[in-house]
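Trainee:
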Amino acid sequence: MSQHANRSLLKLESVSKTYRGSPAKAVDHLSLEVMPGEIFGFLGPNGAGKTTTIKMIVGLLAPDHGRIIVDGHDVVEDPVSAKMKIGFVPDYPNLYNRLTGIEYLNLVADIHGVSASERSNRIEGLLSMFDLTHAVGDLIQTYSHGMKQKLALTGALLHNPPLFILDEPMVGLDPRSSRLFKDLMRSHCGQGYAVFFSTHILEVAERLCDKVGIINKGKLIACGSMDELRRLSKEADESLEDIFLELTLPEEADST
Amino acid sequence: MKTRLLSLILAQLNIFFSISHSRYYYLKKRQRLWEGILIAGSIIILALTLAFGVYKLAQGFCSQAALLNQEALTLTTGILAAQFLMLILGVALVISVFYFSNDLPILIPLPLKPWEVLTSKFAVILANEYLGLLVFIAPVFVAYGMRADVNWAGYIPSAILVFLSLPVIPIAVASILAVILMRIVGFTKRKDTLTIIGGFLLVGLIIAGQLYLQTRLSAPGADEEFIMRMLARANSLVTVLGRQFPPSIFATHAVSLAGTSKGLLNLCLFVGISAFSFYLFLVLGNQFFYQSVLSGFEAPKGKSRPFVSRAESAQAHERTPILSLAIAEMKLFSRTPVYALNGFIGFLMFPVLFVVLLVMGNDPEMAKLWGSLRAMPEFHRIGSLLVAAYFFVLVAFSGIPFSPFSREGKAHIWFLKSQPVSGQEVAIGKALGAEIMVIIGAIPGLAVFQYIARLHVSSFVIGVLLGIAASYSFCVFGVLLDMARPMLEWTDPRKAFKSNLNIIFGMLIGAAILFGIGSLIVTLLKRGYSGLMAQAVSGGVVALFLAAGLKLLQLAADRLWMRIEL
Ligand SMILES: Nc1ncnc2c1ncn2[C@@H]1O[C@H](COP(=O)(O)OP(=O)(O)OP(=O)(O)O)[C@@H](O)[C@H]1O
Ligand SMILES: [Mg+2]
């Protein structure tokens, strides 16, 4: 996909969001950019605003200020085109319990206009990769947490989206699936696509991500490659964990 | 022990009436406070209006009955009707609340006895029924009290006790039937399906049983002599009418003879039977409730067929997004017992009533009536309008199009919201799904109607087309209303559906529209216009509605869809 070469797949320009009735900004003038071929890890303590940011990107929340551009489409002005470019799995993928796995996948494929032949190829490939083939005829109700997550991943990848967005994707996956999934993210980026995901597992972020953004209290406090982040820290050779803990010190501890 | 049960009950009531949630939502966050006030205000006004209507009705009934020395008949009639309705609607209600509440996985691991959980859920159902009874029965008690010039000091406490006991028997009976049904269903594999079918069978049986009792009581021939004899004794019609359901006599006498020793005896009898039926239910429930619930947690796992054929069959399934959304909506609705039971019941009530009447009351009078109706010159054209109206009634009272987004709830709406579909596509998909369900649901009723009325094929077809257009436009309005104010916050699926104000608005608007068009047509016919004219006018109105609905869809759907946030 060479046409993506110079254009960012995801661009946030000074995006803010305040939940109604809440005094503080959940996301505060956040700007970042994800280029084709990049895996972007989005880190931050609990309540930092990661999920809020992701919800705005995928159209579950409208930003108060700022613009979000997905592969050239503004998510507020042209939500359908923007969403066509996205594959999304939320932190708790509640799927329709009373559909079967295959019914769910066909619904997703229909909505994205995936042609029949492409659909069966991709469904078959993804399902056998995630070892879900045997369960796909059962109601989703009968799936374990991890199976639901793998089905949601399959649904999100069905249309081969240029931008893959995940909120804490590793939670609930067994070691084999999580390895598979990491390989998948890599190969996805190999096609010139991008992955944007939030996580609390710093080792994964450290090894996997081309770029890391750290958000705290709604503000992006650090962003860049691992090397760039290391330069921010006091001592060289620090792990991402050290950097993260240093940067996200609670206020009280800060002043001492 | 006592406090544990009490706090459980209070917690259930809190959740059911969203007390904490509303307090947070309206008072702390001050979000849409005006909307809350507006809604509460209009509901109170509506309830008062309805209650006043019932009061007037009861007053009129009372004066009529007084001529025959039968004032207490007012009470019996009200009590019987209320109990019958609570029994019929109670089946779906108790199955939903007892077996499909989302808090069961939280409650069951707690160190509680099944009967304690059941009691707390029962309390919730009672509270729910009291709200309805306040509007529909309290005015009857007041009207009777005024008319019969009772001794209020004795009357009020008796009336309150009877009022409080009133829902216990029907709900306990419905619960006992439900516990038995669910125990049987628990042994089977396709639990959801069998729950739905079994629930409908129960309702059908109850209606049939009731009508059987009624027809037996009014055996032709014996009527006149029988009634004359009864009239000799004051209030003895009460005894006759109440024979189909003896507790209603106790209830009547408890109220009408309040203050006397006989009244007290009847009061004790009524409260005692209510308590006993509740006890019976608890004994049975304590035995079987958890077993059934636990077996319900084990969703059926089909023998998965080999996947290759599925992937191949996917090719045959390529659909447009709108059609795919509509089909998903239908599958999700009809496979969820809570929705199917509560939503489809209207589709069956009318045909079952009709069939039972047909089978039982093989009445020559009835046949003669139909004969003369059919002979009327405009019968077929007017009949076609009745067919159309039937569609409309089903849409308005099933509530299906007024709840599609509420039913998705906070848990599931993320999916559609993050999919590349516009608000218009989503709305059309949901409206189409609702419409198809209504069309299918109309078939049994229409079949029975056509069997009796035997309309010309052309009139029947016109009626069906008109009905589909009218109901579809109403579906569009409904979907837009639910898009504008979806009830996403719920833990109990029943709540999204049956406690949803959008559905109540839908029924009211539907009733108003039907009344409006109906009066218009009656006026036209009275003024001597032809049936063709009536058809043309209805067609015009429907076309107008449809155009307005589609225009509104175009204007509002995308914006409303954007506004839904989570
Ligand atoms: N629906 C909501 N209504 C009001 N406030 C909310 C809502 N959702 C989140 N918040 C608030 O917004 C802030 C950011 O929350 P967010 O869910 O984005 O954090 P997060 O970074 O995803 O945290 P975690 O790591 O725990 O998932 C928090 O302060 C939270 O309290
Ligand atoms: Mg989060």
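Top line first, the protein sequences correspond to chains A and B.
If you're matching positions, the first sequence starts at 1 in this note's numbering and goes up one per residue.
If you're matching positions, the second sequence starts at 1001 in this note's numbering and goes up one per residue.
Cβ coordinates follow ideal geometry from the N, Cα and C atoms, glycine included.
Could you check whether the Cβ of residue 1188 of chain B sits closer than 7 Å to any heavy atom belonging to ligand 1?
Mentor: Because no heavy atom of ligand 1 lies under 7 Å away, the Cβ of residue 1188 of chain B does not count as near it: no.
Trainee: Determine the chain B residues that contact residue 90 of chain A at a beta-carbon separation under 7 Å, and present them in chain order.
Mentor: Result: 1414.
Trainee: By the criterion of Cβ-Cβ separation under 8 Å, what are the contact partners of residue 1332 of chain B in chain A?
Mentor: The answer, in chain order, is 96, 98, 99.
Trainee: How many angstroms separate the CA atom of residue 1347 of chain B from the CA atom of residue 1445 of chain B?
Mentor: Each residue's Cα considered, the two are about 7 Å apart.
Trainee: What are the partner residues of residue 216 of chain A, as DSSP defines its beta bridges?
Mentor: Note: residue 216 of chain A sits in a beta bridge opposite A:219.
Trainee: What does residue 59 of chain A touch in chain B if you count any residue whose Cβ is under 8 Å from its own?
Mentor: Here the neighbours are 1417, 1418.
Trainee: Using 8 Å as the cut-off, can you tell me whether the segment 1435-1452 of chain B makes contact with the segment 1391-1411 of chain B, which would need three or more C-beta pairs spanning the two stretches below that distance?
Mentor: Taking 8 Å as the limit for Cβ pairs, the verdict is that the segment 1391-1411 of chain B does touch the segment 1435-1452 of chain B.
Trainee: Which same chain residues, not among the five before or five after residue 197 of chain A, have their C-beta less than 6 Å away from its C-beta?
Mentor: Cβ neighbours of residue 197 of chain A beyond the five flanking positions: 166, 169.
Trainee: Please tell me whether, using a cut-off of 7 Å, the distance from the CB of residue 1558 of chain B to the nearest non-hydrogen atom of ligand 2 is below it.
Mentor: Result no, Cβ not under 7 Å from ligand 2.
Trainee: Is residue 46 of chain A near ligand 1, going by C-beta to nearest heavy atom under 7 Å?
Mentor: Result yes, Cβ under 7 Å from ligand 1.
Trainee: Using a Cβ-Cβ cut-off of less than 7 Å, list which residues of the segment 1394-1412 of chain B approach chain A; keep chain order.
Mentor: Residues passing the 7 Å Cβ filter: 1411, 1412.
Trainee: Mind checking if residue 111 of chain A is an interface residue toward chain B, Cβ cutoff 8 Å exclusive?
Mentor: Answer yes: the Cβ-Cβ gap between residue 111 of chain A and chain B drops below 8 Å somewhere.
Trainee: Going along chain A, which residues have a C-beta under 8 Å from residue 1146 of chain B?
Mentor: Those within 8 Å of residue 1146 of chain B in chain A number zero; the least Cβ separation is about 48 Å.
Trainee: First and last residue of the beta strand (DSSP E) that includes residue 1457 of chain B?
Mentor: Residue 1457 of chain B -> not in any beta strand (DSSP E); alpha helix (DSSP H) instead, spanning 1457-1484.
Trainee: Closer than 7 Å: is that where the CB of residue 51 of chain A sits relative to any heavy atom of ligand 3?
Mentor: Of the ligands this structure carries, namely ligand 1 and ligand 2, none is ligand 3.
Trainee: Could you spell out the range, first to last residue, of the beta strand (DSSP E) harbouring residue 194 of chain A?
Mentor: From DSSP, the beta strand (DSSP E) with residue 194 of chain A extends over 194-198.
Trainee: Would the segment 68-76 of chain A count as touching the segment 44-58 of chain A if we require 3 or more Cβ pairs under 8 Å?
Mentor: These segments touch.
Trainee: Give a single yes or no on whether residue 22 of chain A has its beta carbon closer than 7 Å to a heavy atom of ligand 1.
Mentor: Result yes, Cβ under 7 Å from ligand 1.
Trainee: Does the distance from the C-beta atom of residue 1083 of chain B to that of residue 1277 of chain B stay below 8 Å?
Mentor: No, they are not a contact pair.
Trainee: Below 7 Å on C-beta distance, what does residue 107 of chain A contact in chain B?
Mentor: Within 7 Å Cβ-Cβ: 1324, 1328.
Trainee: Can you say whether residue 222 of chain A is buried or exposed, counting buried as having 16 or more other CB atoms within 10 angstroms of its CB?
Mentor: Result: buried.
Trainee: So within the segment 1167-1196 of chain B, which uninterrupted alpha helix (DSSP H) runs reach at least 4 residues, ignoring any that extend past its ends?
Mentor: For the segment 1167-1196 of chain B, whole alpha helix (DSSP H) runs of length 4 or above, ordered along the chain, are 1168-1186.
Trainee: Using a cut-off of 9 Å between C-beta atoms, extract the partners of residue 1422 of chain B located in chain A.
Mentor: Within chain A, the residues near residue 1422 of chain B are 79, 80.
Trainee: Give the straight-line distance between the Cα atoms of residue 1011 of chain B and residue 1094 of chain B, rounded to the nearest whole angstrom.
Mentor: Going from the Cα of residue 1011 of chain B to the Cα of residue 1094 of chain B covers about 18 Å.
Trainee: Excluding sequence positions up to five away, which residues of its chain have a Cβ less than 6 Å from the Cβ of residue 1462 of chain B?
Mentor: Correct list, in chain order: 1384.
Trainee: What three-state label does DSSP hand residue 69 of chain A in the structure shown?
Mentor: Of the three classes helix, strand and coil, the one that applies to residue 69 of chain A here is strand, per DSSP.
Trainee: Specify, as a first and last residue, the run of the alpha helix (DSSP H) that residue 13 of chain A falls within.
Mentor: Counting along the chain, residue 13 of chain A falls outside any alpha helix (DSSP H), though it belongs to the beta strand (DSSP E) covering 10-17.
Trainee: Going by Cα to Cα distance, which pick from B:1205, B:1196, B:1166, B:1331 is closest to residue 1272 of chain B?
Mentor: Of the listed residues, the one whose Cα sits closest to residue 1272 of chain B is B:1166.
Trainee: Any residues in the segment 110-133 of chain A with a beta carbon nearer than 8 Å to a beta carbon of chain B? Which ones, in chain order?
Mentor: Residues 110, 111, 112, 113, 115, 116, 117, 119, 120, 123, 124, 127, 133.
Trainee: Hey, is residue 147 of chain A's beta-carbon within less than 8 Å of any beta-carbon in chain B?
Mentor: Chain B, which has no Cβ nearer than 8 Å to the Cβ of residue 147 of chain A, makes this no.
Trainee: What residue from B:1016, B:1482, B:1021, B:1517 has the CA that sits closest to residue 1564 of chain B's CA?
Mentor: Answer by Cα proximity: B:1482.
Trainee: According to DSSP, residue 30 of chain A sits in a beta bridge with which residue or residues?
Mentor: BP columns for residue 30 of chain A point to A:15.
Trainee: On the DSSP bridge assignment, give the partners of residue 85 of chain A in chain order.
Mentor: According to DSSP, residue 85 of chain A bridges with nothing at all.
Trainee: Is residue 1312 of chain B helix, strand or coil by DSSP?
Mentor: Any reading at residue 1312 of chain B must be qualified, since the residue scores a pLDDT of 48, below 50, and its modelled position is unreliable; the value itself is stated next. Reduced to three states, the DSSP call for residue 1312 of chain B is helix.
Trainee: When you compare the CB of residue 1317 of chain B with every CB in chain A, is at least one pair closer than 8 Å?
Mentor: By this cut-off, residue 1317 of chain B is an interface position.
Trainee: Measuring only the C-alpha atoms, how far is residue 1526 of chain B from residue 1386 of chain B?
Mentor: So the alpha carbons of these two residues sit roughly 17 Å apart.
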